[in-house]
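Report on one structure; see the data block that follows.
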Amino acid sequence: MSKKFIVKGKIMNPAKPNEIVEVEVLPKSLINAEIESPLYMDALKFEISSKENLDITEMVRNFFNAQSPWFLALMINTIAKNKLEKSLRENDFSQGSKVGHWTVSNSNKTEIIFRESLGFIEHRLSFCKVDNNSNTFRTMSSVKTHNKLGSFYFFFVKRVHMKLVKFAIRNMLRE
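Under the working numbering, the sequence shown is numbered contiguously, ending at residue 179.
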């Protein structure tokens, strides 16, 4: 069965997964103020084909709900899909709210930034609506290591990070 987007009670068909493009981090993005002197930053742009104009919270809910249990375990430390769905349904994505082990560090009407700190590494993941008149979004990442363990860890993670983010977006966009 194909995955569909549920927006304001209506079912929408997603865009094709090949519409994911590597781009620059938006200069005015909130993520730029999150980590001072990040070691690594990246950004991906994608468009969701929908007759409805999605807001950022609807896109984020669809992103997390579309992931498989093994990927959720990797990404947000949970495989309990029903617990995640309830958390997402009740979440307003205000500062301090949580999705799994990710905490919202900042948000506004067009961008939500999640943070994760493992002590030796800090990671920020931003979801941003690029244009209020379209369903074009960006996901942006920012990483900073704090010691040799963080550098060693990120040496391996960096090689698969972009592939994992693209995989997660494709899960959301896949028909």
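Yeah, the Cβ is synthetic: ideal placement off N, Cα and C, and Gly gets one too.
- Here VAL134 carries a coil assignment [DSSP, helix/strand/coil].
- One thing to note: MET144 has its Cβ no nearer than 8 angstroms to the Cβ of VAL25.
- Residue range 152 to 177 is occupied by the alpha helix (DSSP H) that includes LEU168, with no beta strand (DSSP E) assigned at that position.
- A straight-line Cα-Cα distance of about 8 angstroms links ARG142 and SER130.
- Counted as a single uninterrupted DSSP element, the alpha helix (DSSP H) harbouring ASN69 occupies residues 60 to 69.
- Straight-line measurement puts the Cα of ILE35 at about 24 angstroms from the Cα of LEU153.
- The Cβ-Cβ distance between HIS150 and PHE118 does not fall below 8 angstroms.
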